[in-house]
Structures are given as C-alpha cells and as structure tokens.
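Only one structure is covered here, and it is reproduced in the block below.
There are 2 protein chains.
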Amino acid sequence: MTAAARRMVVIGGDAAGMSAASRARRLKSRGELEILAFERGPFTSYSACGIPYWVGGLVNGPDELVARTPETHRGRGIDVRTHTEVVEIDLAGQRVLARDLDPHGEGERWYGFDDLVIATGARPRRPGMPGIDAPGVHGVQTLDDGRALLESLEAAPVERAVVIGAGYIGVEMAEALIQRGSRVTVLERGDQPMSTLDPDMGRLVRDAMSGLGIDTVTGAEVTEVVTGEDGRVRAVATKMSEYPADLVILGLGVAPETGLAQQAGLPVGDYGGLLTDQAMRVRGYDNIWAGGDCVEVLDLVSGRTRHIPLGTHANKHGQVIGSNVGGGYATFPGVVGTAVSKVCDLEIARTGLLEAEAAAVGFQFEAVTIEATSRAGYYPEARPMTVKMLAERRTGRLLGTQIVGREGAGKRVDVAAVALTAGMTVERMTALDLGYAPPFSPVWDPVLVAARKAAATVRAAERH
Amino acid sequence: MTAAARRMVVIGGDAAGMSAASRARRLKSRGELEILAFERGPFTSYSACGIPYWVGGLVNGPDELVARTPETHRGRGIDVRTHTEVVEIDLAGQRVLARDLDPHGEGERWYGFDDLVIATGARPRRPGMPGIDAPGVHGVQTLDDGRALLESLEAAPVERAVVIGAGYIGVEMAEALIQRGSRVTVLERGDQPMSTLDPDMGRLVRDAMSGLGIDTVTGAEVTEVVTGEDGRVRAVATKMSEYPADLVILGLGVAPETGLAQQAGLPVGDYGGLLTDQAMRVRGYDNIWAGGDCVEVLDLVSGRTRHIPLGTHANKHGQVIGSNVGGGYATFPGVVGTAVSKVCDLEIARTGLLEAEAAAVGFQFEAVTIEATSRAGYYPEARPMTVKMLAERRTGRLLGTQIVGREGAGKRVDVAAVALTAGMTVERMTALDLGYAPPFSPVWDPVLVAARKAAATVRAAERH
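Line by line, the protein sequences are chains F and W.
So for the first sequence, UniProt numbering puts the first residue at 1; every next one is plus one.
So for the second sequence, UniProt numbering puts the first residue at 1; every next one is plus one.
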C-alpha cells in the first residue's frame with residue numbers, strides 16, 4: 001500500500017527553481033513526489049551571467065549557456081512545462097493557475113500543490129522614457145534578449161554603442177562591445193561607475209575603463225532615447241547632452257519579479273523581494289518556498305535583508321529548498337555581499353559593507369586603503385592592486401573589503417568573505433596563514449597588508 | 001635626564017631578524033633602543049624563495065631579491081654587521097660572542113644585550129654520501145648558492161640535470177632547469193612527489209610533471225654522487241640505477257639552524273626548532289625571542305608544533321617580535337599549514353592536515369575528492385582542478401584541503417585556510433558567499449563543491 005504522491009510545483013525554470021526540483025528528485029522517487037515546473041520562456045537552467053561573454057564572442061550560445069535543457073530535466077522525472085506562465089497563486093486553495101502561452105495550446109488550467117516553490121527571478125529596470133522600446137534598445141536578462149542583441153549586432157555594423165548604467169552588467173557589456181569593435185560610452189547617473197563600490201574605489205574603475213577606451217560619463221541623467229526617421233535608435237539624450245548611438249544597452253540592474261507573489265499576499269521586504277526563513281520557506285508559510293533573484297537575503301554583516309541577484313545564490317537556494325522539500329534539512333544562513341567582476345583585464349571585487357552602508361546601519365568604523373601587487377614584486381607580471389578595508393571601531397571586526405586591480409586581484413576578496421562570515425577581527429586577519437610563493441603573492445598578501453593597516457588604525461583611534 | 005638606551009641584539013639578518021629590527025626601530029628612537037644585527041653572509045632581507053625564478057631566468061638577481069640592503073638598514077638606525085657570525089650565546093651574562101669573518105677584521109668580541117632575537121634560519125639537508133661536495137652539486141638556500149649555481153649553468157651547457165628531492169624547492173628547481181633547456185630528472189625517495197600532499201594528490205603532480213617533460217623517479221634512494229675524472233659530477237646513483245647528470249640540485253628540504261641556541265640550553269621541539277610562546281618569546285625566557293625558519297610553530301589544527309620554513313611566516317614573526325621588543329603588544333597565534341607552489345602551469349596547494357597527519361593526532365575523518373573548473377565551464381580557459389577535502393567525523397569540522405590544478409587553482413586554498421582558522425564545519429562552508437562571475441568561477445566554486453561532498457559524506461557516515 002503506497003500513499004498518493006505529493007506534488008511539488010515550481011514557478012520559474014531557471015537556477016533556483018530547477019536546482020530545487022533536481023535536488024528534491026534525487027531525494028524522493030516519482031512514486032513519492034511528483035514535480036511540476038512552469039517556465040514562461042523556452043529555456044531552463046541557463047546562465048544569464050554568461051550573456052555578456054556570448055555577446056563579446058568568447059562563448060557560443062545559447063546552447064553552451066544552458067546547463068540542463070527541459071528534455072534533460074524531463075528525462076530525470078521533472079515535468080517541465082515551457083512557454084507556460086503561472087498567472088495566479090491561490091494560497092487558500094493550494095493551487096496555481098497556469099496559462100499555456102502557445103495560442104494553440106491548453107489555455108489556462110489550475111494545478112494543485114503540496115509544496116510550492118516561487119523562483120520567478122527578476123526583471124530588468126526599464127526607465128519610462130520616450131524611445132525606450134525602439135528597435136536597437138536591448139536588455140540582457142534572458143537568452144532571448146541575448147539572441148535579439150546579437151541579431152542586431154550582426155545585422156549592421158555598430159560603430160557607436162551606449163550603455164545606460166555602470167553597474168556589473170553595464171561594465172561587462174561595455175567590455176563585450178569593445179571586443180566587437182564598437183566605440184562605447186557608458187552613461188551613469190551617479191558620481192562614479194560601480195555604485196557597488198565606495199566612490200574612491202569607483203574612481204579607480206573609471207580611470208581604468210578610460211584607459212581601455214571606454215568613456216564613462218557620470219552624473220548623466222538619461223531623459224530620452226532619440227530615434228531616427230526609420231524608428232531605430234539614433235542617440236541617447238541626457239539633461240546636459242546627446243550621445244550618438246547605433247545601439248543601446250540597458251544595464252540599470254534588476255528588481256525582484258514578485259507581482260504574482262504579492263497579489264497572493266506573500267510578504268516582501270524593502271526591495272520588493274520575498275522574505276524567507278533560514279530554510280527558504282516564505283515567512284509565515286509552511287509549504288511555500290522561494291529562492292533566487294525574487295527573494296531578499298539576510299546580510300550577515302548588517303543584519304538586514306538585501307536583494308542580491310546572483311546565480312551562485314540562486315543555486316544555493318535551490319539546493320536548500322530541494323533538500324527540505326525532499327525530506328532532508330538544509331539552511332541558507334545568509335550572505336556577506338560578495339561580488340566580483342571584470343572589464344577587460346580590470347578586476348573589481350567587494351564583500352561586506354561599503355562606507356555608506358556601514359554608516360546607515362549604525363556602525364562606526366575606520367577605513368583604510370593600500371596598494372600592493374598580485375605577486376612578489378620581483379616576479380614577472382606582478383600587477384598592482386588597491387585594497388580598501390573597513391573595520392569596526394572598538395571591536396576591530398572586519399566590516400567590508402573592496403579590491404580593484406588586474407589579474408589576480410578579484411578572487412582575493414574570498415579571503416575577506418570567509419573572514420566576514422567568521423566575524424573575524426582585522427587584528428586576527430593579520431596572522432592569517434595564506435598561501436605564499438613568489439608567483440602567487442608577495443610575502444605579505446595584499447589582504448594582509450590591508451588588515452595590518454586597518455588594525456593599526458583601529459588601535460590608533462582608541463588612543464584618542 | 002634620559003635613561004641609557006637598551007640594546008636589542010639580532011642574530012641573523014634575513015626576514016625574521018630584520019623585520020623585528022625594523023619594527024622595533026619604528027617604535028623606539030635611537031636614544032631609547034640601540035639595535036645591533038649580526039649576519040654571517042653579505043646580504044640582508046632577501047627572498048630565498050625567489051632563487052628558483054632567478055635561476056629560471058624570470059627574475060634578475062640577486063639585487064632584485066634583496067628587499068633592503070645593509071646600507072638601507074643602517075640608514076634607518078640599525079647597526080648591521082655583515083660577514084659576522086655569532087658563535088656563542090651567554091644567557092647568564094646576557095651577551096653574545098660575535099666573530100668577524102673578515103680575516104683582517106675585528107676578530108671575536110662580546111656584545112651585551114637587553115633583548116636577544118634569534119633568527120638563525122635553516123640549513124639545507126645534505127645527505128652524507130660520496131661526492132656530495134663535488135663541483136656541480138648545488139644547494140639553493142642562500143643568494144650565494146644561487147650565484148654559484150648560475151655560474152655553473154653559464155660556464156658550460158647543462159644537458160642533463162638531476163634534482164634530488166621532489167618537495168617544493170625540488171619541483172620549483174625542476175621548472176627552472178626545464179626553462180633553461182636542460183633535461184630534468186627528479187629523484188624522490190618517497191612513493192610520490194610532494195610529500196606535503198596525500199599520495200593520491202601527489203600522483204596527479206607526478207603525471208602533470210611527466211606531461212611537462214620532467215621525469216620523476218620515486219622510491220629512489222640516492223647512494224652516491226658519481227664524479228668524473230675531472231672531479232665534477234657525472235651522475236647520481238641510486239640503489240637501483242644511475243642517472244647521468246651534468247648538474248645536481250639538492251632539494252631535500254631544510255632543518256632549523258639551532259645549534260647555537262641549543263648549546264645555550266634553549267628549548268627545541270621534535271623537529272629541532274626553537275619553541276616560543278604566543279609573543280614569540282623563547283619558552284621560559286623573558287627577553288629571548290626567536291622567529292623565522294629556526295622556530296617551530298603551533299599548528300592550530302593538530303594542536304602540535306611543526307617546522308614550516310616560509311618567508312611569509314618569518315616576516316610575521318619579525319613583526320610580532322619587533323612590536324613586543326618595541327614596547328607594543330602582538331602575538332603570532334599559529335599556522336594552519338598553508339603552502340602553494342607551481343611547476344610551469346601546474347599549481348599545487350595545501351592547507352591543514354593530510355590524511356596521515358590527521359590520523360596521527362587521533363582525528364577520525366572523511367576524505368573526499370572532486371573535479372571542477374577554475375571558471376564557468378563555458379568560459380574560455382576554464383581549467384580543470386582536483387580538490388581533496390578532509391572533514392572530522394561527528395563535528396564535520398574542516399581538517400584540511402589539497403588542490404592540484406592549473407591557472408586559478410592554487411590560491412583558492414586561501415578560502416580553506418581562513419575556514420580552518422575559524423574552525424568552520426564543511427556544512428557551513430557550503431553556504432560561503434564566495435565571489436562569482438563566469439571569468440572567475442563556476443556558479444559553484446570548486447571549494448564549495450568539495451565542501452558539499454564532504455558534508456554529505458560526513459552525514460552519510462553518521463547514519464551507519
């Protein structure tokens with residue numbers, strides 16, 4: 001005698017949703033658990049983070065960017081319905097209304113669930129302004145976006161490209177377009193590119209981008225996408241000026257896609273992302289789970305939630321949800337806000353809090369900046385880097401680290417990320433036993449040099 | 001009215017000794033503290049770790065390898081006496097006997113001290129066997145060794161070179177000689193190269209070295225350096241065979257140079273290194289300090305002392321000693337046994353305990369090995385790497401990590417080094433917020449993949 005199978009319904013077929021489905025499937029047989037996943041688009045389990053490299057010609061796509069196709073998932077016992085959009089969540093009835101986007105398909109139908117996983121992702125921010133929907137204006141959020149952009153790039157030579165927004169996706173797309181031979185201008189509303197860094201570190205990025213031939217215009221408030229007689233984009237206008245453009249990329253970041261969840265009454269945080277508990281259950285609900293770009297996560301340093309859309313988090317969330325739905329136990333304790341990015345040979349990384357973020361949650365701190373090299377100074381290709389470190393006053397606890405440099409700079413941020421997770425003081429960090437050999441590091445690793453200066457500064461501040 | 005200056009005497013003018021001197025000098029004026037440093041050789045503050053790269057032609061030497069010359073130190077108020085060897089420590093009399101090695105110099109003289117810093121370093125192991133002192137047999141411990149080796153290499157073409165010992169210095173020298181166009185054979189007594197790795201990981205190194213054109217002969221017990229009629233090295237003989245050689249490098253590691261200290265009755269550990277307290281005072285003595293390659297350090301994972309001759313530790317020891325002698329306060333909490341090395345494009349790293357080391361101190365553990373790539377699989381130059389991880393049974397605490405791979409593999413060991421320092425479990429490590437972007441890492445960093453497998457294995461073991 002077997003009990004009827006429970007049903008797990010997943011909304012969204014990308015990293016978080018399909019990781020959850022795959023993990024649950026490994027733990028529970030088909031007889032125990034039916035898994036049904038709805039995806040609006042044609043693809044599942046793909047790397048949106050790879051799109052800039054596809055556009056830049058470093059990666060073939062979209063096939064290479066798809067980790068698992070719908071067919072693969074189906075072969076493993078997950079009923080994936082692509083081109084199918086969930087349009088309503090009925091919590092009281094424990095069911096979702098799914099619409100087949102194929103006009104000749106099934107139309108709308110209700111599906112009951114025992115466990116529901118919301119993995120609806122994020123949507124790119126699109127400012128409401130004239131011309132924003134004109135041909136030649138591209139987002140880079142989905143593989144379909146990537147394909148449309150490539151068609152645009154291949155249809156006619158793009159002499160001038162304008163990227164709106166100098167965050168991660170903006171600078172990565174600037175690199176991609178430079179590699180395709182375009183002249184690139186990046187328009188940024190703020191005072192510096194990379195608002196994920198402190199302004200002094202953002203300035204280093206700006207200088208380096210300039211050296212790479214990328215113009216960055218800051219304080220640029222875009223007012224209009226100017227179109228030509230053919231209706232295509234011709235330029236981007238700001239309050240102050242106009243920048244000719246054959247192509248425009250929107251790199252303004254993304255917001256959690258939680259309209260559906262909010263209509264159902266599920267709780268969201270300050271950034272519009274769903275709020276979950278340690279097990280990735282939506283707060284207050286036993287059998288509703290959420291993960292990926294549609295949730296807010298606990299920042300272990302600030303103690304607040306934030307919205308950090310990153311594939312690496314989405315995959316972890318999915319694993320945790322799948323383990324729990326599958327009858328195991330796992331938690332996602334939170335993040336420390338690590339991010340790393342590159343523009344050509346420039347590497348940019350951060351973890352923990354920026355100065356403004358630390359101040360906003362009430363920390364008093366010392367901030368120090370040092371210059372060092374990636375390898376022993378005498379070793380070939382020792383490249384310079386700048387490391388900035390924030391440490392709390394009194395306790396000396398590490399609060400954040402930012403790095404801007406060349407090859408060998410970016411992933412050094414991981415040392416600070418682990419130290420933050422462990423609540424380490426900068427004094428303790430000065431004695432960390434990091435890997436040393438001339439091809440890998442100076443005898444004092446740059447992170448240790450920063451920790452030494454931070455520790456000395458905290459001590460000096462106590463004496464006053 | 002000023003008190004008479006105290007005197008700090010330093011034995012050994014390399015990393016630990018001169019870091020201690022420099023740090024103390026920054027904290028105390030000449031009127032407060034006189035600093036006298038004795039160095040047997042001609043150089044101070046140099047990077048012995050850079051010698052393989054000098055020999056390989058990547059680095060100019062020896063000037064580039066000297067961080068601070070005796071003149072620089074003197075200009076900063078440190079009285080450096082080069083070519084001067086301390087031949088006796090008189091603890092009761094608080095004085096040392098120094099001998100001027102210049103036959104026309106001052107001869108022997110006693111110098112009193114208030115604080116004594118022992119930084120006598122390590123000496124290369126030289127097996128007592130026929131021919132070991134023949135021309136063409138070279139150690140690579142000092143800059144003079146490096147110079148002699150280069151002269152030998154430049155005097156006549158070296159078609160065949162034999163390296164005795166396949167530890168760090170042995171494999172680095174193998175790389176250097178390959179780069180100079182020699183055929184290189186490495187003779188290793190043990191079953192695998194890199195006894196600092198578990199045998200299964202050492203095998204990967206051996207295979208990779210073979211691919212680089214370096215022959216590694218294991219189980220090779222060297223019995224004799226065979227010389228020709230000219231007295232120069234002609235071959236190296238083992239119990240089983242004979243290997244033709246125009247040049248022989250001794251890469252058998254080093255032992256703490258503590259004869260002087262032991263004659264004075266100072267305490268040494270199992271490896272012959274001086275034993276110190278947290279502040280780097282020699283145990284049981286208030287004003288005798290020791291640091292660098294002549295001390296044993298506390299291994300924070302095993303709870304025992306070990307001898308780890310590495311410039312990065314020597315510099316930290318010197319900083320700690322100099323701070324304390326200078327009236328400040330600092331400690332060296334210990335090491336986790338991190339080391340990283342490369343042979344051509346092969347990167348080799350470890351931290352924490354090997355299987356045999358963990359077992360020897362009574363740990364029960366699970367060991368797992370995974371394969372992963374340095375970047376997202378679809379990104380160009382994603383290079384494979386193997387990560388092995390040891391976790392304690394029951395607690396799941398990380399005990400050690402070993403990595404063998406190509407570009408981007410080695411420094412990933414730092415994540416495990418910090419996690420070990422923090423006493424993290426592999427379960428907690430699975431959620432670490434490490435930097436992710438396709439050029440830097442797959443969506444699951446290789447260290448996280450290993451941690452996931454280790455955590456699952458520890459859980460599974462508990463169920464039995």
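The beta-carbon is built from N, C-alpha and C at its ideal position, and this holds for glycine as well.
Owing to the predicted nature of the structure, the values given are computational and were not obtained by experimental measurement.
*Can you find a C-beta in chain F that's less than 8 Å from the C-beta of D277 of chain W?*
In the second sequence, residue 277 of chain W corresponds to position 277, counting from 1. It does not; no Cβ of chain F falls within 8 Å.
*Just confirm the distance between the C-beta atoms of V236 of chain W and V248 of chain W, as a whole number of angstroms; I'd bet it's less than 8 Å.*
As a first step, residue 236 of chain W is located in the second sequence; it is residue number 236 there, counting from the start. As a first step, residue 248 of chain W is located in the second sequence; it is residue number 248 there, counting from the start. Going by Cβ atoms, the distance from V236 of chain W to V248 of chain W rounds to 6 Å, so yes, they are a contact pair.
*Considering P384 of chain W, what are the terminal residues of the beta strand (DSSP E) in which it resides?*
The count along the second sequence starts at 1 and reaches residue 384 of chain W at position 384. 384-392 is the span of the beta strand (DSSP E), which, as asked, contains P384 of chain W.
*For I51 of chain F, which three-state DSSP category applies?*
As a working mapping, residue 51 of chain F is identified with position 51 in the first sequence. DSSP places I51 of chain F in helix when its eight states are reduced to three.
_I'd like to know whether the C-beta of G273 of chain W is nearer than 8 Å to at least one C-beta of chain F._
Working through the second sequence from its first residue, we reach residue 273 of chain W at position 273. Cβ-Cβ to chain F under 8 Å: no for G273 of chain W.
*For the putative contact between K388 of chain F and M173 of chain F, defined by C-beta atoms under 8 Å, what is the C-beta separation to the nearest angstrom?*
Numbered from its first residue, the first sequence carries residue 388 of chain F at position 388. Numbered from its first residue, the first sequence carries residue 173 of chain F at position 173. Not really, about 25 Å apart at Cβ, beyond 8 Å.
*With a threshold of 16 other CB atoms inside 10 Å of the CB of H307 of chain F, please say whether the residue is buried or exposed.*
Here residue 307 of chain F refers to the residue found at position 307 of the first sequence. Buried: at least 16 other Cβ atoms inside 10 Å.
*Which listed residue (W:H73, W:G107, W:G12, W:A122) has its alpha carbon closest to that of D293 of chain W*: As a first step, residue 293 of chain W must be located in the second sequence, where it is residue number 293. Taking only the C-alpha atoms, the option nearest D293 of chain W is W:A122.
*Quick one: measure Cβ to Cβ for I348 of chain W and V449 of chain W, integer angstroms, because I've assumed they're closer than 8 Å.*
Translated into positions along the second sequence, residue 348 of chain W becomes position 348. Translated into positions along the second sequence, residue 449 of chain W becomes position 449. Actually they are not in contact, since the Cβ atoms of I348 of chain W and V449 of chain W sit about 19 Å apart, beyond 8 Å.
*Inspect the beta-carbon positions of G17 of chain W and T142 of chain W and report whether they are closer than 8 Å.*
Taking the first residue of the second sequence as 1, we reach residue 17 of chain W at position 17. Taking the first residue of the second sequence as 1, we reach residue 142 of chain W at position 142. Taking 8 Å as the Cβ cut-off, G17 of chain W and T142 of chain W do not qualify as a contacting pair.
_Candidates W:R283, W:E188, W:E106, of which the one nearest L250 of chain W by Cα_ = What you label residue 250 of chain W is simply residue 250 of the second sequence in a count that begins at 1. Minimum Cα distance to L250 of chain W is reached at W:E188.
_Residues of chain F with CB closer than 8 Å to the CB of W444 of chain W, please, in chain order._
Against the second sequence, residue 444 of chain W aligns to sequence position 444. Here the neighbours are T312, N315.
*Going by the CB atoms, is the gap between S182 of chain F and V158 of chain F shorter than 8 Å?*
As a first step, residue 158 of chain F is located in the first sequence; it is residue number 158 there, counting from the start. As a first step, residue 182 of chain F is located in the first sequence; it is residue number 182 there, counting from the start. Cβ atoms of V158 of chain F and S182 of chain F: closer than 8 Å.
*For residue 480 of chain F, count neighbouring Cβ atoms within 10 angstroms of its own Cβ and tell me buried if that reaches 16, exposed if not.*
Examination of residue 480 of chain F is not possible in this model, given that chain F is present from 1 through 464 alone.
*Which one or two residues does DSSP pair with T373 of chain F in a beta bridge?*
Indexing the first sequence from 1 puts residue 373 of chain F at position 373. Under DSSP, the beta-bridge partners assigned to T373 of chain F are F:P384.
*How is I403 of chain W classed by DSSP in three states: helix, strand or coil?*
Looking up residue 403 of chain W in the second sequence gives position 403. Three-state DSSP puts I403 of chain W in a strand.
*Within chain W, the residues that residue 540 of chain F reaches when beta carbons sit closer than 7 Å*: Given a span of 1 to 464 for chain F in the structure shown, any question on residue 540 of chain F remains unanswerable.
*Counting only the same chain and skipping the five closest in sequence on each side, list residues whose C-beta sits under 8 Å from that of L274 of chain W.*
The residue labelled residue 274 of chain W in the question sits at position 274 within the second sequence. Same-chain partners within the cutoff: I118, P256, T258, A261, L266, P267, V268, V282, A290, C294, V295, E296.
*Once you ignore the five residues that flank T227 of chain W on each side, which residues in its own chain have a CB closer than 7 Å to its CB?*
Translated into the one-based positions of the second sequence, residue 227 of chain W becomes position 227. Only G131, A134, V233, R234 meet the Cβ criterion.
*asked:* Using 8 Å as the threshold, is the C-beta distance between P70 of chain F and V80 of chain F below it?
replied: As a working mapping, residue 70 of chain F is identified with position 70 in the first sequence. As a working mapping, residue 80 of chain F is identified with position 80 in the first sequence. Result yes, Cβ atoms of P70 of chain F and V80 of chain F sit closer than 8 Å.
*Classify A321 of chain W as helix, strand or coil using the three-state DSSP reduction.*
Counting from 1 along the second sequence, the entry for residue 321 of chain W is found at position 321. The question names Ala, but residue 321 of chain W in the sequence shown is Ile. Looking at I321 of chain W - three-state DSSP - the assignment turns out to be helix.
*Do G400 of chain W and T425 of chain W have their CB atoms nearer than 8 Å?*
Here residue 400 of chain W is taken as the residue at index 400 of the second sequence, counted from 1. Here residue 425 of chain W is taken as the residue at index 425 of the second sequence, counted from 1. Against a cut-off of 8 Å, the Cβ pair of T425 of chain W and G400 of chain W comes out as no contact.
_Y271 of chain F, DSSP secondary structure in three states_ = Along the first sequence, one-based indexing puts residue 271 of chain F at 271. DSSP places Y271 of chain F in coil when its eight states are reduced to three.
*Relative to the ligand SAH, is the shortest distance from any of its heavy atoms to the C-beta of S22 of chain F smaller than 7 Å?*
You won't find the ligand SAH in this model; it holds no ligand whatsoever.
*Could you tell me whether the Cβ of P70 of chain F comes closer than 8 Å to any Cβ of chain C?*
Checking the listed chains, one finds no chain C in this structure; the protein chains it contains are F and W.
*Apply the 10 Å Cβ neighbour rule to residue 477 of chain W and answer buried if 16 or more other Cβ atoms are within range, or exposed otherwise.*
Nothing about residue 477 of chain W can be reported from this structure: the residues present for chain W run from 1 to 464 only.
*DSSP state of R412 of chain W, grouped into three classes?*
Here residue 412 of chain W refers to the residue found at position 412 of the second sequence. Look at R412 of chain W here: in three-state DSSP terms it is helix.
*Residues of chain F with CB under 7 Å from E371 of chain W, in chain order?*
The residue given as residue 371 of chain W occupies position 371 in the second sequence. Neighbours of E371 of chain W on chain F: none; closest Cβ ~16 Å, over 7 Å.
*For the region 46-68 of chain W, enumerate the residues whose C-beta is nearer than 7 Å to any C-beta of chain F, in chain order.*
Of all residues in the region 46-68 of chain W, the ones placed with a Cβ closer than 7 Å to any Cβ belonging to chain F are S47, C49, G50, Y53, L58, V59, E64, L65, in chain order.
_Local conformation of P62 of chain W per DSSP, three classes_ = Numbered from 1 along the second sequence, position 62 holds the residue referred to as residue 62 of chain W. In this structure, P62 of chain W counts as coil in the three-state DSSP scheme.
_CB contact below 8 Å: L432 of chain W versus chain F_ = As a first step, residue 432 of chain W must be located in the second sequence, where it is residue number 432. Yes - at least one Cβ of chain F is within 8 Å of the one on L432 of chain W.
*Count the other C-beta atoms from every protein chain shown that fall within 10 angstroms of the C-beta of A176 of chain W, then say buried if there are 16 or more, exposed otherwise.*
Position 176 of the second sequence, counted from the first residue, corresponds to residue 176 of chain W. Of the other Cβ atoms in all chains shown, 16 or more fall within 10 Å of the Cβ of A176 of chain W; this residue is therefore buried.
*asked:* For G77 of chain W, which residues in the same chain have their Cβ closer than 6 Å to its Cβ, ignoring the five residues on either side in sequence?
replied: In the second sequence, the residue the question calls residue 77 of chain W occupies position 77. Same-chain partners within the cutoff: R25, R30.
_Taking the alpha carbon of S152 of chain F as the reference point, which residue from F:G136, F:A245, F:A161, F:V140 has its own alpha carbon closest?_
Taking the first sequence and counting its residues from 1, one reaches residue 152 of chain F at position 152. Distances from the CA of S152 of chain F to each of F:G136, F:A245, F:A161, F:V140 were compared; the closest alpha carbon is that of F:G136.
*asked:* I want to know whether the region 372-391 of chain W touches the region 314-329 of chain W - three or more CB-CB distances under 8 Å.
replied: no
*To the nearest angstrom, report how far apart L353 of chain F and E34 of chain W are at their CA atoms.*
For the purposes of this step, residue 353 of chain F is taken as the residue at position 353 of the first sequence. For the purposes of this step, residue 34 of chain W is taken as the residue at position 34 of the second sequence. Between L353 of chain F and E34 of chain W, the C-alpha separation is close to 44 Å.
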